[in-house]
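Each residue of the sequence shown is one higher than the last, beginning at 1 in full-length UniProt numbering. Below is one structure, written out as structure tokens, with a few remarks after it.
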Amino acid sequence: MKQLILFLSFFVATLSVRGQAFNFELTGTPLNTTGWISTGSGTAIGDLFQLTSNTSNQAGSVYYGTPQNLTNCSQFTVTFDFRITLSSAPTADGIAFYYISNPPTGFTTGGGLGLPSNPNGLVLLLDTYDNDGTPALNPLVSLRKYDGTVPNYVEGSTTGQLAPDATGLSFITNGNWHTCVLTYYFGAITVAFDGNPPVISTTTTLSLSGGYFGFSAGTGALWAKHDIKNVYVTGAPEPAPPAGTDVTYCQGSVSAPLTAAGTNLKWYTVPTGGTALPSAPTPSTAVAGTFNWYVTQGIPDCNIESLRDTVIVTINPKPVAPTIYVPPYCSGQTGSPITITAGTNVLWYDSAIGGTSSAVIPVVNTANAGNTTWYVTQTSALGCESDRAAVTATVRQSPVADYTFNFGFSCSSDTVHFQNTTTNGTSYYWDFNDAQISNDTNPTHIYAAQGTYNVKLRALNAYCKDSVTKPVVIAHSVQADFTPSADIVCEGSLVSFTNNSNVTTVNGIGPVYYWYFGDGSQSVLQNPGYTYTTPGSYQVMLVAQNGIPCTDTAYATISVDSLPTLKFKINDTAVCKGTPVVITAQYVQSGLNDLTWNFGDTPDQISDVAKPVTHAYDQTGVYTVTATADYRACPDEVKTATVTIKAAPHLDLGPDTAICLDGTAYILSDAINAANPAATWLWSNGATTSSIEVKHEGTYTGTVTIDQCSTSDVIEVKKDCYIDIPNSFTPNGDGVNDYFLPRQLLSSGVVGFNMNIFDRWGQKVFETANSNGRGWDGKFNGKDQPNGVFIYDIKVFMKNGRTEQYTGNVTLLR
1 MKQLILFLSF FVATLSVRGQ AFNFELTGTP LNTTGWISTG SGTAIGDLFQ
51 LTSNTSNQAG SVYYGTPQNL TNCSQFTVTF DFRITLSSAP TADGIAFYYI
101 SNPPTGFTTG GGLGLPSNPN GLVLLLDTYD NDGTPALNPL VSLRKYDGTV
151 PNYVEGSTTG QLAPDATGLS FITNGNWHTC VLTYYFGAIT VAFDGNPPVI
201 STTTTLSLSG GYFGFSAGTG ALWAKHDIKN VYVTGAPEPA PPAGTDVTYC
251 QGSVSAPLTA AGTNLKWYTV PTGGTALPSA PTPSTAVAGT FNWYVTQGIP
301 DCNIESLRDT VIVTINPKPV APTIYVPPYC SGQTGSPITI TAGTNVLWYD
351 SAIGGTSSAV IPVVNTANAG NTTWYVTQTS ALGCESDRAA VTATVRQSPV
401 ADYTFNFGFS CSSDTVHFQN TTTNGTSYYW DFNDAQISND TNPTHIYAAQ
451 GTYNVKLRAL NAYCKDSVTK PVVIAHSVQA DFTPSADIVC EGSLVSFTNN
501 SNVTTVNGIG PVYYWYFGDG SQSVLQNPGY TYTTPGSYQV MLVAQNGIPC
551 TDTAYATISV DSLPTLKFKI NDTAVCKGTP VVITAQYVQS GLNDLTWNFG
601 DTPDQISDVA KPVTHAYDQT GVYTVTATAD YRACPDEVKT ATVTIKAAPH
651 LDLGPDTAIC LDGTAYILSD AINAANPAAT WLWSNGATTS SIEVKHEGTY
701 TGTVTIDQCS TSDVIEVKKD CYIDIPNSFT PNGDGVNDYF LPRQLLSSGV
751 VGFNMNIFDR WGQKVFETAN SNGRGWDGKF NGKDQPNGVF IYDIKVFMKN
801 GRTEQYTGNV TLLR
């Protein structure tokens, strides 16, 4: 198969003023080929460079005409897009990239992939056709380094091979655009496609003093269209400026050399030009302000330097020392705290230099006189600390106030003698706690009343003062007081007296007590007892005396009640049920709290001490009456008696009834007790039999008596078989007296009835034979009749067979 050599084309190389660098491109639409040299079948079409068309026996190339030196800065990157299309079957033959020292000549078609003859340098081969009988390996990628003695690339040969071939890469011939990236960096070399991990990674040394970058392709008996575009060849790039570290110091603080994130740094004092400093500068902090330094970084051996980055050094000013107020202090006394009158973020030190700081204001120890010095700074909002200023606290010697005292007692007033024992004092002030004062050194004071007086002595010297307050207790009181065990007792009872007196022992002499019991008896015991044998009221007196001597007297009244008695009398001990009994009690009233009665028929207690009591029993039986006298001091008295309650007889005359005139007499009878021979009767008509006959209406009372107990009953006998005829009526519709002679209201026992009514001219205006009717409504033929007198004719038939005839006048009123 014929070989075709493809040359790599480069955009024009540029040399940076800060060092060595190059950058070539074969890009654009139409393709910009400035600086590039094409040979053979190679030609620019639109935005791509066609190395071969889809015909056989071609060799096409393109290379950059200016050689590049990698002697010191040995690095570059090649990026290009390629496409192999319109191929025969199988595809032939492939694309090559090279960097060689000899000018490209003698390009070979076929399996040589269009490479220049005898290449001396680096060759990358994208071989699509099998020339060694191993078709499964193609398409393959091979990376080789030739020394100029090998005429051409031969598939299957290992001459110049830098790493094992990457085989079976079928995507190379799928007709799509693919991107290949070859990177060389000081001996390390990689080949990758379409952003994927490298298919070849190896090392080699390229130190050519001048080399040509190019691409080539070739076809033999078989063919394919080989295209490239977007070609970039980049040497060592200019590095980015380093990241300098700005720093801030406080004026006068220790500084450190400046730093920046980068390699091969160079420092300058000016933004452009000038001479690099021999090392990183250490800024001075003597003067406050803002200062700039400048730094670059370079690539080793490439003589390439970045732009300068500005490093800003800020020196913040040192604040003045704070202003501190130290109050005066006196030994042994708690003074006011040290205060900061001007300053912020104040720190305290125990020494002028070094040491550990504290933000807590120190507390002056006033236990002893002397001087204590601290050192203080303030820190500004920018974090700078001032110089230290000395702060001295002076503790002056205080007086120590103290005194003693002794007494001169009397009953009306007391004298106290004060002895001043103060040290380091020059003047004194006494407050006796009774609104009296003194400036004497050792005063004497008279107190008008006993009590506890908090006497204050204040001692002063030229700088300090002290005071002491002590209680001066004047207590020789004589306060008589006692409590009897009871102030009301029963005759013959013992009364115990508890002495509650407050009597102070004075001059070693204890209290003395004198008791007077009100009946001529006496005692000198502290807590005596006494029995009163006669009722009455007694005034007890206690006289208490102390050792001065002073006395006081206390009194109490003791009431002695007489021994109690109780008895009572019942007016009748056998009474009928419901008949009250009257009970009269006799008892001693002295000391009586209450007299209560229980009558035996209920648990209730009835209190009554003023008069006789009465009680009625509603049930028969025998009851115990109990009287209880409750005395305030003497024992209670209880007396009892029995009462018999007899049953009352029962009498029932029956319900009220009615009788007809001239009818059969009605018999009233005591059917319950009629057979009792002990029973007697008395009726309201004077009869004394068990029954009576009643022929007239009226109210009848019957009384039955058995064993002196009586019961009465009352019955009303009303008239029957009658009629009441009114003399007027008022038919005005008000619901009252609207009808003349309503039988249901004005009659009883009527079984037959005829009534005719005539006006004054004899005209019949109403008639009825209804025995239960309402009567005449004052109308004739539906019309109201005038006011006036009307004549009635009435005939009545009674249930007892009696017939009555009535004729008369009735007045109609409206």
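A virtual CB, placed ideally from N, CA and C, is assigned to each residue, including glycine. Predicted, not measured: the structure shown is a model, and the values here were computed from it.
Exercise. When every heavy atom of the ligand MN is checked, does at least one fall within less than 6 Å of the C-beta of W267?
Worked result: Here there are no bound small molecules, and the ligand MN is not part of this structure.
Exercise. For I667, does the three-state DSSP call read helix, strand or coil?
Worked result: strand
Exercise. Would you report the Cα separation of Y294 and E238, rounded to the nearest angstrom?
Worked result: 17 Å
Exercise. Should W36 go down as buried or exposed, given a rule of 16 or more other Cβ atoms within 10 Å for buried?
Worked result: buried
For this session: Starting from I95, follow its DSSP beta bridges and name the residues at the other end.
Result: L126 and A217
Exercise. If you drop the 5 nearest sequence neighbours on each side, which residues of the same chain put their C-beta closer than 8 Å to that of N809?
Worked result: N727, V789, F790, I791 and Y792
For this session: Would you identify the three-state DSSP class for S142, choosing helix, strand or coil?
Result: strand
Exercise. Looking only at C-alpha atoms, which of T34, T109, D784 and V78 sits nearest to D93?
Worked result: T109
Exercise. At what residues does the beta strand (DSSP E) containing R83 begin and finish?
Worked result: Q75 to T85
Exercise. Can the beta-carbon of S201 be found less than 7 Å from the beta-carbon of T183?
Worked result: no
For this session: Alpha carbon to alpha carbon, how far is G46 from E155? Give it in angstroms, no decimals.
Result: 33 Å
Problem set entry | Coarse secondary structure for Q763, derived from DSSP in three states | coil
For this session: Count the other CB atoms, across all protein chains shown, that sit within 10 Å of the CB of H696; report buried if there are 16 or more and exposed otherwise.
Result: exposed
Problem set entry | Simplified DSSP assignment, three categories, for S209 | coil
Exercise. Leaving out the 5 sequence neighbours to the left and right, which residues in its chain are closer than 8 Å to L651 when beta-carbon positions are compared?
Worked result: D670, I672, N673, G702, T703, V704, T711, S712 and D713
Exercise. Taking just the CA atoms, how far does K266 sit from T259?
Worked result: 11 Å
For this session: Give the straight-line distance between the Cα atoms of V199 and L307, rounded to the nearest whole angstrom.
Result: 36 Å
For this session: To the nearest angstrom, report how far apart L4 and P197 are at their CA atoms.
Result: Confidence at L4 is low in this model, with a pLDDT of 27, below 50, so the placement of that residue should be treated as unreliable; the coordinate-derived value is given next. L4 and P197: Cα-Cα distance of roughly 29 Å.
Exercise. Going by other Cβ atoms of all chains shown within 10 Å of its Cβ, with 16 needed for buried, is Y806 buried or exposed?
Worked result: exposed
Exercise. How would you write the range of the beta strand (DSSP E) that V575 sits in, first residue to last?
Worked result: A574 to C576
Exercise. Per DSSP, what kind of secondary structure is F171 in: helix, strand or coil?
Worked result: helix
For this session: Going by CA-CA distance only, name the one from F758, K779 and N800 that's closest to S748.
Result: N800
Problem set entry | Chain-order list of residues whose beta-carbon lies under 7 Å from that of V123 (same chain, five-residue window excluded) | A96, Y98, L115, R144, Y146 and Y153
For this session: Alpha carbon to alpha carbon, how far is T310 from G289? Give it in angstroms, no decimals.
Result: 16 Å
Exercise. Between V694 and L653, is the Cβ-Cβ spacing less than 7 Å?
Worked result: no
For this session: For the beta strand (DSSP E) containing P470, list its first residue and its last residue.
Result: Here the sequence assigns Lys to residue 470, which means Pro is not the residue at that position. Looking at the DSSP string, the run of the beta strand (DSSP E) that includes K470 is K465 to I474.
Problem set entry | Of the listed residues V364, C180, P139 and Y63, nearest to P337 (C-alpha basis) | V364
Exercise. How should N546 be labelled, buried or exposed, when 16 other C-beta atoms within 10 angstroms of its C-beta is the threshold for buried?
Worked result: buried
Problem set entry | Euclidean distance between Cα positions of G354 and A256 | 20 Å
For this session: Drop a sphere of 10 angstroms on the beta-carbon of L8, count the other beta-carbons inside from all chains shown, and report buried for 16 or more, exposed for fewer.
Result: Summary for L8: the model assigns pLDDT 30, below 50, so the residue's position carries little reliability; its value from the coordinates is reported in the next sentence. So L8 counts as buried.
Exercise. Do you know whose CA, among Y532, N781, N420 and C330, lies nearest A462's CA?
Worked result: C330
For this session: Would you decide whether K225 is buried or exposed? Buried here means 16 or more other CB atoms lie within 10 Å of its CB.
Result: buried
Problem set entry | Cβ shell of D301 (< 6 Å), same chain only, five flanking positions each side left out | N72 and C73
Exercise. Which full runs of the beta strand (DSSP E) of 3+ residues lie inside the region 617-681, going along the chain?
Worked result: 621-631, 637-646, 657-660 and 666-669
Problem set entry | Outcome for P328 when other beta-carbon atoms lying within 10 angstroms are tallied against a minimum of 16 | exposed
For this session: Apply the 10 Å Cβ neighbour rule to W776 and answer buried if 16 or more other Cβ atoms are within range, or exposed otherwise.
Result: buried
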